[in-house]
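J.: Just passing along the structure, written as structure tokens.
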Amino acid sequence: MLDLHRLRLLQEFAARGSIARTAAVLGYTPSAVSQQLAALEREAGTALLDRSARRAELTDAGRRLAGHAERILAMVEEAETDLSAEATEPAGRVVATAFPSAAIAFAPALARSLRAHPRLTLVLRQTPAGEGLRQVRSGDVDVAIVDDWTSRLAEEIELGGSILTWYHLIRDQLVLVLPRTHPAAAASQPVDLRALRHEPWLAAPASEPSRQAVDRLLAAVGVAPPVLSEFEGMSTIVSLVARGIGIAILPRLAVAAADRRIAVRDLPHGLDLARDVYAVARTASVRRPSVAVIVTALRAAGPSRPRA
Numbered sequence: 023m024l025d026l027h028r029l030r031l032l033q034e035f036a037a038r039g040s041i042a043r044t045a046a047v048l049g050y051t052p053s054a055v056s057q058q059l060a061a062l063e064r065e066a067g068t069a070l071l072d073r074s075a076r077r078a079e080l081t082d083a084g085r086r087l088a089g090h091a092e093r094i095l096a097m098v099e100e101a102e103t104d105l106s107a108e109a110t111e112p113a114g115r116v117v118a119t120a121f122p123s124a125a126i127a128f129a130p131a132l133a134r135s136l137r138a139h140p141r142l143t144l145v146l147r148q149t150p151a152g153e154g155l156r157q158v159r160s161g162d163v164d165v166a167i168v169d170d171w172t173s174r175l176a177e178e179i180e181l182g183g184s185i186l187t188w189y190h191l192i193r194d195q196l197v198l199v200l201p202r203t204h205p206a207a208a209a210s211q212p213v214d215l216r217a218l219r220h221e222p223w224l225a226a227p228a229s230e231p232s233r234q235a236v237d238r239l240l241a242a243v244g245v246a247p248p249v250l251s252e253f254e255g256m257s258t259i260v261s262l263v264a265r266g267i268g269i270a271i272l273p274r275l276a277v278a279a280a281d282r283r284i285a286v287r288d289l290p291h292g293l294d295l296a297r298d299v300y301a302v303a304r305t306a307s308v309r310r311p312s313v314a315v316i317v318t319a320l321r322a323a324g325p326s327r328p329r330a
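Under our numbering, the first residue of the sequence shown is numbered 23, with each subsequent residue one higher.
Dropping the structure here:
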């Protein structure tokens, strides 16, 4: 019997054209993708990929099975949707995932949506960056809130076809975060980042997309501040700013439920670096009443149009 998860991998390979790109999109290693596709070949009883030292491409049988896979996976989810639609109101369990600051920011809207649907339960998980999209594609979760600092996801959306539906929730601007007692915290004064170059700056690790965006922003205004320390987790940085230990530049979403001891200042005009925040779900699952309730709640909290 053909494994549905492996069929989804084959479908993604057909769309991406390489094992490396398939692995990058789904969050696996190339070796894991190759092994799973080899297992699917054994299940199918025929070669699906024509492999060489430098690349792999679909055989005729592989192309035919990839076409079947798209229809099979859509039919499976449509069957699940049809059965769940028999209920007069949304019921059952929906699993959602979000990066930490989005989980905190959107959890109240999701919790409020559950009050009107007592037979509906939600599991909201916090997931490291890059994991949410893979989990939606693999069917491990129903809805993911994901962020994009580099327009990479925007490109994925344009290539995505009909398997996933995307909802742009917010454009999350970078803001300056200061202790409320800091002289620059006064709203009447324009922010001058150059005047803050000798402050103790706090930042995420250099590998984090948010840190890379901050570095680009500061370099653009000629500021290269010394970083007092690097801290994993934006909530940790916010707590340190609240204690007067330093200042930081963070996405506004990270300070949505911030400590009263901090002040949040918009950056000077023209320094509009931001991340885009999306909700994403499999297109077939959005038609399930239970998933539709969660998507609707997210869109109400950050309204925009879907992109499929």
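Note that beta-carbon positions come from the ideal geometry of N, C-alpha and C, so glycine has one too.
Being a predicted model, the structure only gives us computed values, none of them experimental.
1) Under the rule that 16 or more other beta-carbon atoms within 10 Å means buried, what is ARG28, buried or exposed?
2) Who are the Cβ neighbours of SER56 in its own chain at under 6 angstroms, not counting the five residues just before and after it?
3) Taking the C-alpha atoms as reference points, what is the distance between ALA276 and LEU191?
4) Using the Cβ count rule (16 or more neighbours within 10 Å means buried), how would you classify GLN211?
5) Taking the C-alpha atoms as reference points, what is the distance between ASP288 and SER53?
6) Please report the residue range of the beta strand (DSSP E) in which GLU27 lies.
7) Return the Cβ separation of SER257 and PRO122 in integer angstroms, given the expectation that the two are a contact with Cβ distance under 8 angstroms.
8) With DSSP run on the structure shown, which of helix, strand or coil describes HIS204?
9) For GLN195, which of helix, strand or coil comes out of DSSP?
10) Between which two residues does the alpha helix (DSSP H) containing LEU42 stretch?
11) Please determine, among GLU111, ARG216, ALA278 and ASP298, the residue with the shortest C-alpha to C-alpha distance to GLY244.
12) Report the option in ALA118, PRO227, ILE269 and ALA69 whose CA atom is closest to the CA atom of GLU221.
13) Take the Cβ of VAL315 as the centre, count every other Cβ of all protein chains shown within 10 Å, and call the residue buried at 16 or more, exposed below.
14) Considering only C-alpha positions, which residue in the set ALA208, VAL163 and GLY152 is nearest to THR172?
15) Going by C-alpha distance, which of SER312, VAL317, ARG73 and ILE271 is nearest ALA296?
16) Kindly provide the ranges of any alpha helix (DSSP H) runs that are 4 or more residues long and lie completely inside the segment 273-327, ordered along the chain.
17) Going by beta carbon distance, what residues of the same chain come within less than 6 angstroms of THR44, once the five residues before and after it are set aside?
18) Go ahead and label PHE128 buried or exposed: buried means 16 or more other beta carbons lie within 10 angstroms of its beta carbon, across all protein chains shown.
19) On a CA-only basis, which of THR81, MET97, ARG73 and SER74 is nearest ARG30? Give me that one, please.
20) Going by DSSP in three states, THR143 sits in which element: helix, strand or coil?
21) How about ALA207 and LEU200: are their beta carbons less than 8 angstroms apart?
22) Does the beta-carbon distance from THR68 to ALA91 come in below 8 angstroms?
23) ASP281 to ARG265, Cα distance in whole Å?
24) Taking all protein chains shown into account, do 16 or more other C-beta atoms lie within 10 angstroms of the C-beta of ALA235, making it buried, or fewer, making it exposed?
25) Who does TRP171 pair with in a DSSP beta bridge?
26) Would you mind sorting VAL197 into buried or exposed? The rule is 16 or more other CB atoms within 10 Å of its CB.
27) Just to check my reading of the structure: ALA113 and LEU142 have Cβ atoms closer than 8 angstroms, yes? What is that Cβ distance to the nearest angstrom?
28) Whole-angstrom Cβ separation of LEU80 and LEU95, contact assumed at under 8 angstroms?
T.: Working from what's here:
1) By the C-beta density criterion, ARG28 is buried, having at least 16 other C-beta atoms within 10 angstroms.
2) Cβ within range, chain order: ILE41.
3) Roughly 15 angstroms between the two C-alpha positions.
4) Per the 10 Å Cβ criterion, exposed.
5) Distance between the alpha carbons of ASP288 and SER53 is about 45 angstroms.
6) Per the sequence shown, the amino acid found at residue 27 is His instead of Glu. HIS27 -> not in any beta strand (DSSP E); alpha helix (DSSP H) instead, spanning 26-38.
7) Taking the Cβ atoms as the reference, SER257 lies roughly 7 angstroms from PRO122, within the contact range of under 8 angstroms.
8) In the structure shown, HIS204 sits in coil (DSSP, three-state: anything other than H, G, I, E or B).
9) Looking at GLN195 - three-state DSSP - the assignment turns out to be strand.
10) According to the sequence as given, residue 42 is Ala; it is not Leu. First-last of the alpha helix (DSSP H) with ALA42: 41-48.
11) Closest option to GLY244, Cα to Cα, is ARG216.
12) Per the Cα distances, ILE269.
13) Buried.
14) GLY152 is the residue among ALA208, VAL163 and GLY152 whose C-alpha sits nearest the C-alpha of THR172.
15) Comparing Cα positions, the closest option is ILE271.
16) Runs of the alpha helix (DSSP H) inside the segment 273-327: 305-308 and 311-323.
17) The answer, listed in chain order, is GLU34, PHE35, ARG38 and VAL55.
18) Buried, by the Cβ-count rule.
19) The shortest Cα separation from ARG30 among THR81, MET97, ARG73 and SER74 belongs to MET97.
20) Residue state, collapsed to three classes: strand.
21) Yes, these two residues count as a Cβ contact at 8 angstroms.
22) No.
23) Between ASP281 and ARG265, the C-alpha separation is close to 10 angstroms.
24) By the C-beta density criterion, ALA235 is buried, having at least 16 other C-beta atoms within 10 angstroms.
25) DSSP lists no partner for TRP171.
26) VAL197 is buried by the Cβ-count criterion.
27) A Cβ-Cβ distance of about 6 angstroms is found for the pair ALA113 and LEU142, placing them in contact under the 8 angstroms criterion.
28) Going by Cβ atoms, the distance from LEU80 to LEU95 rounds to 17 angstroms, so no, they are not a contact pair.
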